[in-house]
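Trainee: One structure coming up, written as C-alpha cells, with questions to follow.
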Amino acid sequence: MKYIIKLAMVMIPLGLIIAAVPENTTKQYKLTAQEMINEVQTGQQFVHPDAIAAQIVSNDPELQLIDVRSKDEYDKFHLPNAINIPLANLLNPDNADVIDQGIKTNVFYSNGSTRANEVWMITRQLGYKNNYVLLGGLNFWIETISNPEKPRITSPDDEFAKYDFRMGASQALGGGGQVAPAASAPSSGSAIPAVTPKPKKKRAAGGC
Amino acid sequence: MGPLIVNEIIPEGLNLFLAFVIGIGFGFVLESSGFSSSRKLAGMFYGYDTTVLKVFFTAAITAMLGLLFFSLFGWIDLSLVYINPTFMTSAIVGGAIMGAGFILGGYCPGTSFCALSIGKLDALAFIGGLFIGVFIFAEGYPLWETMYKANNMGAPTMNTILGVSRGVFAFLLIIVALAMFVVGEWSEKKFPRDEY
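Protein chains in written order, with the working numbering: chain A, 1 to 208; chain B, 1001 to 1196.
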C-alpha cells in the first residue's frame, strides 16, 4: 500500500501539470540558425524570371507557381497556372501536400522578393524541399518578361537573344510586349528560343 | 527533435538494433518482476496476485507522462508518432481469444518467451500452442478475412473520443490506475494464497 502512496505523490502532481498546460503543437525547425544563414547567403533559392518564363512557355509539368500575396492581389493578376497560398495560410494542413512534397518544383513569388523569401525561409526551416523563390518577384518579372528593355545596338549578341526570348515569352504569356521589327536587330531566329530551364535541384549541404 | 527515426536523426537500420536492446531490457524487467511464473500471471484472474496490473499500468502511465512532457518541451512531435489503427471487431474477438489462452496457459505471448528463457517447460508447451494458433490463422485467413478487417475506425485516441485534451485524459488515467492499484491490493488481501 505504501508504494501506491509514493507513486501517487509523483504521478498526480505530474498529471496535474500535464492537464493544465496547453498541448504543444509547434512545428519544429529542422535547420539550425547557422545552416539557415549559410543557405540564405548562397541565395540558391532564387530562380531568374527567364528560367520560369521558359518553363511556363514549354508547359513544364514540374513547375508549380505559388502566389503568396493576398487573395485580392492574386485575383487582380497572377502568373499563368499559379495557385494562391497567402502567408497567413501557409501552415494550413490543406496546403501541406503542396509545399511539402518531392515531385514538383515550387516557386514562390510576391510583388518583390521579400515576402516570398520569408515563405521560403519558413518552409526551408521546416525541412521541406523543392521550394524556390522568383528572383525580384512580379516587379522584376514585369521589367524583364512583360516589358523587356531593348538592348542597345552595340550590345553583344546574347543580349539580343535574351531580348528576343523575352519578347516571345511575353507574347506567349499574353503580356504587353510587341515583337521588335526584324530588321532592327540581329535576331537569333525563332521567337521562343529553347532555353533549357535549370531548376535548382541541388540541396544545401548540411541540411536535415 | 524526435521521433528519432522519422526525423532522420538516427538511421533506420539502427531501429532494429535499438529494438533488440530495449527488448532485452523489457524481458529482464518482466523476469525480475516475476512474470515468468504462470501462477503469478494467472493470479490476476483469481485476484490473489495483481502484479500484472500494477506493472503494466505503471509502465503505461510512466510512458504516457514521459511522452506528454517530451512533447511539451518540444523534444518529440507526437503528430509523427505512429498509432496502430483500431479494427473494433477483431480487437474484441482477438481479445477474447487471447484472454482465454492467457487463463488456460498462464502466459501471454511476451511472458511465455520470458519464461522460456529461464527454461520453463510449460512455457515451451505454450509457445507450441501459440505457433499452432499462428498456423491456423494464416492458413484459414480467407475464412476470417472479412471479420478481421471489419469496423476499421482509423487511429482514434481516447481523448478525442471523450472530447477532452490529451493532458486531462492523462490525469484521469493516472487517477484510474491508482484506484485500480488500491483495488488490487484489497483483492490480494481478500483472496490470499500462501504458496503459488
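Glycine is no exception: its CB is placed at the ideal position from the N, C-alpha and C atoms.
1. Taking the runs of the alpha helix (DSSP H) that are 4 residues or longer, which of them lie wholly in the segment 99-151 of chain A?
2. What residue from Y132(A), M167(A), K6(A), F165(A) has the CA that sits closest to D100(A)'s CA?
3. Kindly list, in the order they appear in chain B, the residues whose Cβ is closer than 7 Å to that of L14(A).
4. Give a yes or no on contact between the segment 1084-1100 of chain B and the segment 1016-1036 of chain B, applying the rule of three or more CB pairs nearer than 8 Å.
5. Would you list, in chain order, the members of the segment 139-161 of chain A that have their beta-carbon closer than 9 Å to a beta-carbon of chain B?
6. What residues of chain A sit near V1182(B), judged by a beta carbon separation below 7 Å?
7. So which residues of chain B does A8(A) contact, with C-beta pairs closer than 8 Å?
8. So with CB distances below 8 Å, who are the chain A contacts of E1185(B)?
9. Indicate whether the contact test is met: 3 or more Cβ pairs, each with one atom in the segment 99-115 of chain A and one in the segment 125-139 of chain A, closer than 8 Å.
10. Which residues, in chain order, does the segment 1151-1168 of chain B contribute to contact with chain A at a C-beta distance below 8 Å?
11. Confirm, please, whether the CB-CB distance from L1178(B) to I18(A) is below 8 Å.
12. What is the C-beta distance between L1080(B) and P1003(B), in whole angstroms, given that I count them as a contact (C-beta under 8 Å)?
13. Note down the Cα distance separating G1184(B) from L1065(B), rounded to an integer number of angstroms.
14. Does the segment 48-58 of chain A touch the segment 159-168 of chain A, meaning 3 or more C-beta pairs lie closer than 8 Å?
15. Thinking C-beta only, is Y1048(B) closer than 8 Å to E1188(B)?
16. Would you mind telling me which residues of chain A sit closer than 7 Å to G1034(B), beta carbon to beta carbon, in chain order?
17. Select from I1076(B), F1056(B), E1012(B) the residue whose C-alpha is nearest the C-alpha of V1029(B).
18. At the 8 Å Cβ level, is A19(A) part of the contact set with chain B, yes or no?
19. Can you tell me the Cα-Cα spacing of G1074(B) and I1061(B), whole angstroms?
20. Under a three-way DSSP split, which group does A1177(B) fall into?
21. For the segment 154-163 of chain A against the segment 117-127 of chain A, are there 3 or more C-beta pairs whose distance is under 8 Å?
22. Does the CB of L1068(B) have a neighbour CB from chain A at under 8 Å?
23. Can you check which of these residues, V40(A), T32(A), L14(A), E35(A), is closest to L1172(B) by C-alpha distance?
24. Just verifying my parser: in three-state terms, what is the DSSP assignment at F1191(B)?
25. Tell me the rounded alpha-carbon separation between I37(A) and K1149(B).
26. In three-state DSSP terms, what is A182(A)?
Mentor: Let me lay it out:
1. 114-125, 137-141
2. Y132(A)
3. L1065
4. no
5. none
6. I4
7. L1178
8. M1, I4
9. yes
10. S1165, R1166, G1167, V1168
11. no
12. 5 Å
13. 22 Å
14. yes
15. yes
16. By Cβ distance, chain A contributes nothing, its closest Cβ being about 15 Å from G1034(B), past 7 Å.
17. F1056(B)
18. yes
19. 20 Å
20. helix
21. no
22. yes
23. L14(A)
24. coil
25. 50 Å
26. Confidence is the limiting factor: at A182(A) the pLDDT is only 40, short of 50, which leaves the residue's position unreliable, though a coordinate-based value still follows. A182(A) falls in the helix class under three-state DSSP.
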